[in-house]
Structures are given as C-alpha cells and as structure tokens.
Amino acid sequence: MTDKSPLSAALVPYRPISTGLSVALGALVWALVLGGWMYLANGNHVPSMFLPDPGKVLATAGKLAMDGSLWDNTIASAQVVLIGFIASSVVAVPLGLYMGTYKAVQAALDPLVNFIRYLPVTSFVPLFILWIGIGLSERVAVIIFGTFFQQLVMIADAARSVPRDLVNAAYTLGTKRSTTVRHIVFPATLPAVLDILRVTVGWAWTYLVVAELVAAKSGLGYMSLKAMRGFQVDIIFLAIAMIGILGLITDQGFRLLRRVIAPWAA
Amino acid sequence: MTSSADITITDVSLRYGSGTKTVLALDGISLDVKPNEFAVIVGPSGCGKSSLLYLIAGLEDLTGGQITVDGHSIQGPGPDRGMVFQSYTLFPWLTVAQNVEYGPRRRGLGEAERKTLVDHYLAEVGLATFRDHYPAQLSGGMKQRVAIARALANDPAVLLMDEPFGALDSQTRHTMQRLLLRVWDHSHKTVLFVTHDIEEAILLADRVFVMSGRPGQIRKVLTVDFPRPRVGDIVLDPAFIAMKREIMGLLRSDDDDDH
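Protein chains in written order, with the numbering used here: chain A, 35 to 300; chain B, 7 to 265.
This is the structure in structure tokens:
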C-alpha cells in the first residue's frame, strides 16, 4: 500500500485510476486487436479471402462512401431501426409505467407478455414475410416485436421500484391518485427509462440485421449478405464496423440525452 | 393563512392480513390532539405508532373506530394533513425550491405566491442559499429540513412527523429538534410526532403518549410542562430525568410482557 506507482494503484480493488492510465489501457486493447488482425491478415496466416487486411477495409469504405452505396445502405438500416424503435417505445414506455403502477394492468398483461417475450423473434420472420411481405414494414415489424415486450417488462420493473413513501409524500402534498403516473412515477423513473431505451436500442440493431439478412433489398445486413455471395469479405467487415459505429453513436447519444433531461441523476 | 386543527382518534383498531393469519397492529387506540399542540407518541419499534400516523394521513385504511381531523373523518390522503417521513422523500428530479413549491403548485397557486412561500419557508429552515440544489447534493439533515419546509409551505391543518430524525446522527438530530421547535413556534401548527427516542419526546412535547406494542395500545399520557424554549441543559434537570425514567419504566415493563 505504500508503493505509490500508478500501476500498483490499479491493482487495488475499486480504487479509481488516473485518466491517462484509463485512456492508455483502452487504447492498448484496441491496438492489440488491430495488431493481431494485421498480423493474421498480412503474414499469410489466414487467406485474404476470409480475413481482409484492415487497410483493404478502409479502402473499400472510401470507395463505397464515394459511390454513395455505403450511405444509402446505412440510412436504409438506420431508418428501419429508428421507426421500429420509436414505434415500440412510444407504446412501451407509458404502458410499462401503468403496468408497474397498477396491479390490475400487471395482472392482465403479465401472463401474455411473459409468454411472448421468450419466443425468439427469428421464428416470426417467416410469418411476418407471409403476412406483410418483404418491404420496410416487415423489417419494422421484426424490430417492434423484438424490442416491445422486453421494454415493457423492464419499464414495469422500474415503475414498481419507485419508493412507496415517495408516492405517499406526494399524496400528502395534494397529488391526486389519478395523476400519480404523470406527476410521480414518470419523473421518478425517467433516468431508468432512458437507460432501458439505451440498452434496447442495441437489441433493435441486432434484430434489424436478422431481418435484413432474410428479406431486404437495402441496408447494411443486405449489403453484407450480397458481399458474401461475391466473396467480398472486406465489405462484410465494413458492414459490421458500420453497425458498431452506429451503436456507439446511439449509446453516446442516449447518455448525452440522459445528462440533459435528467440532470439530477447524473 | 395559518390554520390549525384538532385530531380526534376514537377506539381505532388496525388489522393486517386476511383469513386466519391476521395481525392486530393497533387495538382500541383513543387519543386527541388539541389545536396548536405539539403531541409526541413514544413507543418501541413495531408498536404500530407509525401505522397510526399513516391512518391519520389517510395512507392506510383503518379496520375499526374513527379518526377526525378538524371534525372531518378521514377520506384518503389530502393536503390538509402534511407529513414528514422517516425515509428521505424529497422528489429527486426537483430542486430544493421546486420541492417546496410542489404542494402550492398542485393547489394551483400562481408563480408570485409560490415564490413568496418558497422564500419564506427556505429562510425558516436556513436553506435559502440551497434553493437550486438537487436533493442528491444535500446531507440527510438538510433533506429533512427541506421536507419540513415542503410540508409547511402547503399550509396543512396538522403536521404528522414519522421519526423524521431517526436516520440522523445525534449532533444533527439536536440541531433539527431546536430548528423544529423554532419553526413550530412561528407557525403553531398542530403537530403529532412519532419517535422511539424518549429524550426527544420530552424535549419536544406538550404531551407525550406512551405506547406499548403488539397490539399497540396507549399506556399512559404525560403532560410536559417544562417552560419553552427548552434549551441545552434541560435534559440534566432532575424533573426531566424523572420523567425520562418513568417512560423508560413504562416501556420496559412492556418489554417484560413479551418474555
């Protein structure tokens, strides 16, 4: 404990580390992964048909960005995720709050929701194609089906965990029981709800790719599938990286949103 | 503006559970608190003293008997009965000032009126400079001071306090007791205060209701006539100690009943 070197501090459980060390460690792991990738791709350890050189992926990214197809596919995917995710959240947030607040709503919905949410979304894809076709609305349906029930259960949990005395205090201050959700449960759960949205938007991306792999004429998943048929493994890598980058942007966006609209819970 | 009412509790019983597995939490409680009086209920934990406050607040439904505040029997919770809880119940999403004006806002008061109330009650509890802080930035004692200001800003007819200083360290608790007495002296609300701390009970009360547990019953009512303001050394006064000993005796004989 007397040793003051930064590395020995890092070995103490739960002890904070310096920003410099924190950045260095994150960069180190990235460097190791990229370095390992370059080593495997360049030394003829893995045929380039299966593992492209990172430079090749960058070059492809530049090429597809120039001809616009990268943006078209990215926008197509983002559009589906956005529509599906918003449509799901707009219903799941209020319904989940009422479900967690009113035992009657919970009793009515719990048995059905807990059945449906364990059904794999993928198993519904053929059904949706049959019912809706292979257009945008089918992919949106897959996203909604994949995220809605998970959101509902998590948001209801958050609403249930609002301290009873917080609600009681509101009553003694003149809050009507009929406005409890609006005046108390909604603001009390707002930070948790934003976290739930942040987590579930990640799942929405997963379901999107599933939907696009099966039935789509645009989007990053479609781009990836088409590339597989032409052995263009660099494009597959590019599509995966794009999804990762979009996920990172969405995640940071939700963190920022939480800081702005729920500053008390920073 | 300042109003103050009496609380009349007549033969109140409270039973939890249903079927054969019921627990009698309160059994035939009768007491009355006069307008402007500072009444304290002291009793062991689990004796049902908090449940009695929740009944008066209308947050729980009684099984038998009647409770009236200002002559009206209780019909659910309402802003005429303000309450300060043992747990911290400030709304975390509102600033200190917004917490204090929450009740007045629900009553539809205008911005200027609300600001006057906020300024007055925050000054009263000594937190004027903390008006824009969020509750998470406050210490436990400060949170309870805001909770008192919030309850009073709503101008309730009675103020119910459920061990509000129970979670505070003894230094802070003493400060809070002095502050509460000063605030009460200014507002002269009817206060019904629940605690398990005998010294706190005597220090604050006009009358102390000593409660026994399982099922909760009123064991004795003591009138405390030490002159106010009661400061510092009063806890060392022989009469104070004698009263403390009497209440301890009452609570201890209750303990013995359990064994």
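Ideal Cβ positions, reconstructed from N, Cα and C, are used throughout, including at glycine.
Glutamine 185 of chain A beta carbon less than 7 Å from that of threonine 234 of chain A: yes
Pick from A:Met257, A:Arg293 and A:Thr181 that is closest to serine 111 of chain A, judged by C-alpha positions: A:Met257
Interface flag, phenylalanine 277 of chain B vs chain A, CB-CB below 7 Å: Absent from the structure is residue 277 of chain B, since the part of chain B shown begins at 7 and ends at 265.
Cβ separation of alanine 95 of chain A and leucine 85 of chain A, assumed to be a contact under 8 Å, to the nearest whole Å: Going by Cβ atoms, the distance from alanine 95 of chain A to leucine 85 of chain A rounds to 16 Å, so no, they are not a contact pair.
Neighbourhood of aspartate 191 of chain A by C-beta distance below 7 Å, restricted to the same chain and skipping five residues each side: Cβ-Cβ distances below 7 Å link aspartate 191 of chain A to Gly134 in the same chain, with the five nearest sequence neighbours on each side left out; the list follows chain order.
Terminal residues of the alpha helix (DSSP H) in which phenylalanine 265 of chain A lies: Counting along the chain, phenylalanine 265 of chain A falls outside any alpha helix (DSSP H), and DSSP gives it neither H nor E.
Phenylalanine 171 of chain B, DSSP secondary structure in three states: coil
Under 7 Å by beta carbon: chain A residues contacting alanine 142 of chain B: Trp298
Exposure label - leucine 186 of chain B; buried when at least 16 CB within 10 Å: buried
Reduced DSSP category for lysine 90 of chain A - H, G, I as helix; E, B as strand; rest coil: helix
Rounded C-alpha distance that separates arginine 173 of chain A from methionine 188 of chain A: 23 Å
Min CB distance proline 128 of chain A to chain B below 7 Å: At a cut-off of 7 Å, the C-beta of proline 128 of chain A has no neighbouring C-beta in chain B.
Cβ-based burial, phenylalanine 44 of chain B [other Cβ within 10 Å; buried from 16]: buried
For cysteine 53 of chain B and arginine 179 of chain B, the rounded distance between their alpha carbons: Taking the straight line joining both Cα atoms gives about 22 Å.
Minimum Cβ-Cβ distance from threonine 94 of chain A to chain B less than 7 Å: Residue contact with chain B for threonine 94 of chain A: absent (no Cβ-Cβ distance below 7 Å to any residue of chain B).
C-beta neighbour in chain B for tyrosine 136 of chain A, strict 7 Å: no
For arginine 49 of chain A, three-class secondary structure by DSSP: When DSSP states are grouped into helix, strand and coil, arginine 49 of chain A belongs to the coil group.
Methionine 89 of chain B (DSSP reduced to helix, strand or coil): strand
Exposure label - asparagine 105 of chain B; buried when at least 16 CB within 10 Å: buried
Expected contact under 8 Å - CB spacing of leucine 207 of chain A and proline 85 of chain B to nearest Å: 6 Å
9 Å Cβ cut-off: residues of chain B touching alanine 222 of chain A: Phe97, Pro98 and Trp99
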